[in-house]
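Counting from 1, one number per residue, gives the positions in the sequence shown under UniProt numbering.
Notes to accompany the following structure.
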Amino acid sequence: MTDSSDGSTPPTATPWHSLPPPAVEQALQARPGGLTAAEAARRLAEYGPNRLTQVRGRGVLMRFLHQFHNILLYVMMGAAVVTAVLGHWIDTGVLLAAVIINAAIGFVQEGKAESALDAIRAMLSPHAVVVRDGLRQEIDAADLVPGDQVILISGDRVPADLRLVEVKELRVDEAALTGESLPVEKQTAPVAEDVALGDRYGMAYSGTVVVFGQARGLVVATGMQTELGRINALLAGIDNMTTPLLRQVDHFGRVLALIILAVSALLFVGGVWGLGHPPSEMFMMVVALAASAIPEGLPAIMTVTLALGVQRMARRKAIVRRLPAVEALGSVTVICSDKTGTLTRNEMTVQRVICAGLAIDVQGVGYAPQGYCQIDGQRIDPERYPALAMSARAAVLCNDALLRQDQQQWWVEGDPTEGALLVLGAKAGLVDETLRQAWPRLDGIPFESEHRFMATFHEPAPGQPWIFVKGAPERVLEMCQAQMGPEGEEQALDVDYWRRMATDTAAKGLRLLALACRRASPATGSLAFADMDAGFVLLALVGMMDPPRTEAIAAVDDCHRAGIQVKMITGDHAETARAIGAQLNIGVGKPVVTGAEVALMDERTLSEMVMSVDVFARASPEHKLRLVQAMQAQGQVVSMTGDGVNDAPALKRADVGVAMGNKGTEAAKEAADVVLADDNFATIAVAVREGRAVYDNLKKFVLFMLPTNGGEALLVIAAIVFQLTLPLTPAQVLWINLVTSSTLGLALAFEPAEPGIMRQPPRPPGEPLLSGFFIWRVCLVSVLMMAGALGLFLWELSDGLAIERARTMAVNAVVMSEMFYLISSRHIFASVLNREGLFGNRYVWLAIAVCLVLQLMYTYAPFMHLIFGSAPLGGREWLDVLGAGLLVFLGAELEKAVIRHTAWGRRLRGNN
1 MTDSSDGSTP
11 PTATPWHSLP
21 PPAVEQALQA
31 RPGGLTAAEA
41 ARRLAEYGPN
51 RLTQVRGRGV
61 LMRFLHQFHN
71 ILLYVMMGAA
81 VVTAVLGHWI
91 DTGVLLAAVI
101 INAAIGFVQE
111 GKAESALDAI
121 RAMLSPHAVV
131 VRDGLRQEID
141 AADLVPGDQV
151 ILISGDRVPA
161 DLRLVEVKEL
171 RVDEAALTGE
181 SLPVEKQTAP
191 VAEDVALGDR
201 YGMAYSGTVV
211 VFGQARGLVV
221 ATGMQTELGR
231 INALLAGIDN
241 MTTPLLRQVD
251 HFGRVLALII
261 LAVSALLFVG
271 GVWGLGHPPS
281 EMFMMVVALA
291 ASAIPEGLPA
301 IMTVTLALGV
311 QRMARRKAIV
321 RRLPAVEALG
331 SVTVICSDKT
341 GTLTRNEMTV
351 QRVICAGLAI
361 DVQGVGYAPQ
371 GYCQIDGQRI
381 DPERYPALAM
391 SARAAVLCND
401 ALLRQDQQQW
411 WVEGDPTEGA
421 LLVLGAKAGL
431 VDETLRQAWP
441 RLDGIPFESE
451 HRFMATFHEP
461 APGQPWIFVK
471 GAPERVLEMC
481 QAQMGPEGEE
491 QALDVDYWRR
501 MATDTAAKGL
511 RLLALACRRA
521 SPATGSLAFA
531 DMDAGFVLLA
541 LVGMMDPPRT
551 EAIAAVDDCH
561 RAGIQVKMIT
571 GDHAETARAI
581 GAQLNIGVGK
591 PVVTGAEVAL
601 MDERTLSEMV
611 MSVDVFARAS
621 PEHKLRLVQA
631 MQAQGQVVSM
641 TGDGVNDAPA
651 LKRADVGVAM
661 GNKGTEAAKE
671 AADVVLADDN
681 FATIAVAVRE
691 GRAVYDNLKK
701 FVLFMLPTNG
711 GEALLVIAAI
721 VFQLTLPLTP
731 AQVLWINLVT
741 SSTLGLALAF
751 EPAEPGIMRQ
761 PPRPPGEPLL
771 SGFFIWRVCL
781 VSVLMMAGAL
791 GLFLWELSDG
801 LAIERARTMA
811 VNAVVMSEMF
821 YLISSRHIFA
831 SVLNREGLFG
841 NRYVWLAIAV
851 CLVLQLMYTY
861 APFMHLIFGS
871 APLGGREWLD
881 VLGAGLLVFL
891 GAELEKAVIR
901 HTAWGRRLRG
911 NN
């Protein structure tokens with residue numbers, strides 16, 4: 001631990017984990033009886049309280065005001081100010097209403113503020129047991145200082161970073177901090193300076209949990225200088241990433257605003273000085289042009305489309321915390337996943353049992369006692385194989401764990417390894433409670449790291465003593481002189497066979513235990529180490545692992561077919577990561593890179609390497625964060641999944657952070673954009689499919705909406721250039737854009753996903769919102785809409801109709817064209833002239849019905865006449881309006897046929 005700027009840890013040139021306990025005590029000036037109260041108070045003033053720094057968030061008012069920081073809204077607000085100066089109050093009110101509605105939508109969309117830092121702070125233990133003034137006492141954990149002696153017992157949350165100086169069978173669950181799937185056995189011996197966090201066996205870190213044993217440790221870091229504090233600092237320094245869609249919409253808005261301002265200024269100057277229009281009249285024309293070109297309904301429809309995606313994902317167990325993440329999932333090119341609890345079950349499972357001459361595969365995963373044993377793919381009855389049956393009995397009896405069931409969920413009370421052995425017994429037909437009653441335990445030797453085994457003494461009947469032992473294979477082999485054969489007979493011990501089997505099984509990534517038995521009573525009546533020296537019969541080697549989720553294997557394949565790379569980034573050992581990756585088809589044939597190797601790479605080297613490696617092991621929070629940043633630097637859209645506090649920085653930095661909702665820490669869930677309620681990696685593949693469907697629907701809406709804006713803009717431009725009466729007023733334009741376009745476009749949010757959507761590669765991250773084909777489609781339909789509306793407007797004026805009725809005809813012609821074009825917009829390229837195309841989305845016809853009601857109200861309601869200057873129409877005028885709509889529909893369907901069936905059309909279509 002090096003010296004720090006805020007003085008929250010004492011300076012030392014050598015990391016604490018590589019110093020022996022006496023040197024640590026000397027460096028901290030620790031005393032046998034603990035610090036005095038006065039010394040503790042002095043250090044508290046020097047180093048500060050043991051709590052994490054809080055970052056003040058942006059207030060509600062500032063968040064709301066920030067929504068107005070949008071160039072398109074600036075254009076509309078400027079137009080509202082000028083119309084107010086000119087006395088056009090209705091136009092001013094409509095423009096300001098549009099601005100406020102858009103800002104309100106953005107405010108709601110932003111959602112609740114980031115609270116990941118609060119979740120990490122909640123992991124700190126509120127209390128600690130320390131030795132001060134020679135007395136053991138409980139104090140507020142915030143009052144801990146470097147040099148304090150802290151006492152740890154089973155169940156405690158470690159209150160600060162400690163250098164352990166006394167240990168008695170201490171095991172600490174560090175999964176949330178390191179990704180290690182099993183509790184870590186602690187010791188006091190120093191380790192090398194450059195070892196990974198998970199290999200610092202002499203340290204206990206703040207926020208981790210003691211699951212077994214006792215210890216005494218010296219506080220070496222508090223507050224922001226703890227490992228938890230470093231993660232807190234990483235989170236505080238990471239800005240939330242915007243999504244590809246939001247970046248595209250922002251770019252589109254800026255370009256569109258510049259085009260609108262440039263064209264408006266050009267037309268204003270040309271109209272006033274070139275054509276002689278009065279400035280006030282010309283400005284109202286320019287305001288109408290700006291209002292017609294700005295897609296006011298886009299934010300509303302985008303929000304509704306994303307919200308519907310949120311609901312569909314929630315039904316599939318994916319809870320979306322940030323609305324834009326719905327679409328971002330659809331554009332993901334790389335999914336980075338933690339291993340423990342995400343790709344795996346975080347439940348140790350026995351997968352293989354090696355007896356003399358037998359290799360038994362055990363089916364079923366997790367703690368649920370469901371599964372069976374098989375040999376060479378054939379299911380077997382364990383009772384017909386005495387060595388296997390006795391091994392299962394030893395596994396259950398030489399065991400301190402308990403298997404529990406709570407609301408259909410199976411869980412283990414005790415060590416996960418022992419829990420896996422209980423499940424093995426259940427699969428072999430043994431009920432642990434019944435067996436333990438029939439074979440009562442009379443004595444035992446608990447597991448200790450020094451002798452690496454556990455032993456128990458049982459006597460199921462008078463004169464029938466049994467001693468069972470389980471432990472490290474090499475240690476148990478030393479106790480054995482014989483092995484149990486396939487029929488239950490004793491055989492001479494084949495040491496080479498067992499060593500070969502141990503090597504082969506470990507190479508598959510399985511953790512090994514050996515089981516043995518002895519039919520004898522303790523020499524002294526109580527089980528002692530002297531009884532364990534020899535005379536045992538080796539029963540089996542048991543291979544276990546935290547297995548991949550079955551559904552995760554299929555989900556990884558789905559992602560690969562969809563062109564998405566899947567990478568595993570874990571804090572676990574390289575060998576375990578490689579084995580799990582092979583089962584998941586991740587990184588097969590590629591090297592495994594460790595966090596230590598990542599730490600030695602500069603940013604350029606890391607960026608060059610990161611896309612060619614799929615499995616990263618022994619990765620710290622900093623390593624995970626750098627890997628995500630390196631992928632983003634390569635232009636990738638990255639999703640990061642995880643469940644631990646060590647994943648939180650990378651979750652926050654990723655384009656889409658996905659946390660586990662069941663076994664995940666609060667810090668991970670609060671840093672994420674999406675939370676999986678079922679902790680199932682397969683749900684991510686479902687969410688990606690939904691995200692792609694959402695993006696497709698947004699593209700359909702953009703293709704539906706922009707021609708409406710384009711047609712209106714062309715109407716205004718034609719009026720200015722040819723010195724015609726303005727066909728649409730600014731208020732009428734906003735009625736079309738905000739009311740009718742949004743009502744109709746909403747139906748496209750309910751479009752089902754296109755067939756084969758998960759067999760297509762992800763769209764390029766830099767793909768613009770408007771491709772060449774989109775621009776062509778927008779221009780074509782805009783011209784058709786303008787031709788129909790302007791033609792009717794001029795025709796009615798030439799027949800002597802009042803300007804109000806002619807404008808009402810133009811408005812209804814545009815809206816009717818939208819209705820027909822909505823049906824065509826259901827498919828971007830495919831024809832809708834079939835049953836599915838016309839009636840496959842009932843919301844299309846519902847939206848058309850609602851829009852017809854609105855237009856009838858617009859045309860015939862007196863108060864609408866007052867606000868918008870509309871007028872009633874007769875039957876003939878409605879037939880003309882219907883003809884304008886049919887013109888757009890038939891023109892759009894003919895264009896799609898040309899695109900599908902000609903070489904020119906296929907080139908224009910490209911990758912869209």
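Every residue, glycine too, gets a C-beta built ideally from N, C-alpha and C.
The structure displayed is predicted, hence computed values, not measured ones.
Assigned exposure category for residue i - 16 Cβ within 10 Å defines buried
i           : result
Ser-639     : buried
Glu-347     : buried
Asn-841     : buried
Pro-591     : exposed
Thr-434     : exposed
Leu-61      : exposed
Phe-605     : The question names Phe, but residue 605 is Thr in the sequence shown. The residue is exposed, with fewer than 16 neighbouring Cβ atoms inside 10 Å.
Thr-641     : buried
Gly-488     : exposed
Ser-612     : exposed
residue 921 : Only positions 1 to 912 of the chain appear in this structure, which leaves residue 921 out of reach.
Nearest-angstrom Cα separation, counted from residue j out to residue i
i       : j       : result
Pro-22  : Pro-190 : 11 Å
Asp-143 : Val-702 : 58 Å
Ser-742 : Pro-707 : 13 Å
Leu-846 : Ala-713 : 28 Å
Val-255 : Leu-44  : 56 Å
Ala-903 : Met-568 : 43 Å
Leu-117 : Ala-395 : With a pLDDT of only 37 at Leu-117, under 50, the local geometry of the prediction cannot be trusted, and the value read off the model is given with reservation. Cα-Cα distance, rounded: 43 Å.
Ala-892 : Gly-905 : 13 Å
Ala-577 : Ala-617 : 6 Å
Gln-855 : Arg-805 : 14 Å
Pro-768 : Met-302 : 17 Å
Val-783 : Leu-770 : 18 Å
Tyr-497 : Leu-512 : 15 Å
Glu-895 : Asp-880 : 23 Å
Gln-370 : Ala-648 : 34 Å
Ile-757 : Val-476 : 55 Å
Glu-114 : His-865 : With a pLDDT of 38 at Glu-114, under the threshold of 50, the predicted position of this residue should be treated as unreliable, though the coordinate-derived value follows. The straight-line gap from Cα to Cα measures roughly 47 Å.
Thr-503 : Ala-359 : 14 Å
Contact under 8 Å by Cβ, residue i with residue j
i       : j       : result
Ser-391 : Ala-540 : yes
Ile-467 : Arg-518 : yes
Arg-352 : Val-365 : no
Arg-312 : Glu-690 : yes
Arg-807 : Gly-869 : yes
Leu-197 : Thr-178 : yes
Gly-571 : Asn-646 : yes
Leu-234 : Leu-600 : no
Val-674 : Leu-289 : no
Val-150 : Ala-128 : yes
Tyr-372 : Arg-379 : yes
Arg-745 : Ser-817 : Looking at the sequence itself, residue 745 is Gly, so the reference to Arg does not match. In this structure, Ser-817 does not lie closer than 8 Å to Gly-745 by Cβ.
For residue i, the nearest candidate out of the options (CA to CA)
i       : options                            : result
Phe-681 : Ser-798, Cys-559, Arg-254          : Cys-559
Ala-356 : Gly-271, Thr-902, Val-220, Arg-500 : Arg-500
Gly-644 : Gly-661, Ile-319, Gly-635, Arg-653 : Gly-661
Glu-169 : Gly-134, Pro-146, Val-210          : Val-210
Phe-453 : His-17, Leu-801, Gln-437, Pro-473  : Pro-473
> Which runs of the alpha helix (DSSP H) spanning at least 4 residues fall entirely within the segment 735-816, listed in chain order?
Replying inline: 741-745, 772-798
> What alpha helix (DSSP H) runs, 4 residues minimum, are completely inside the segment 580-646?
Replying inline: 595-600, 603-610, 621-633
> Where are the alpha helix (DSSP H) runs, 4 residues long or more, that stay fully inside the segment 833-911, in chain order?
Replying inline: 835-839, 842-860, 862-868, 875-901, 903-909
> What are the complete alpha helix (DSSP H) segments, minimum 4 residues, inside the segment 412-491?
Replying inline: 416-427, 432-438, 473-479
> Which parts of the segment 307-359 are runs of the alpha helix (DSSP H), unbroken and 4 residues or longer, counting only runs that do not cross its ends?
Replying inline: List check, alpha helix (DSSP H) in window: 325-330.
>> Restricting to runs no shorter than 3 residues, where is the beta strand (DSSP E) found entirely within the segment 660-707?
In response: With a minimum length of 3 residues, the unbroken runs of beta strand (DSSP E) contained wholly in the segment 660-707 fall at 674-676.
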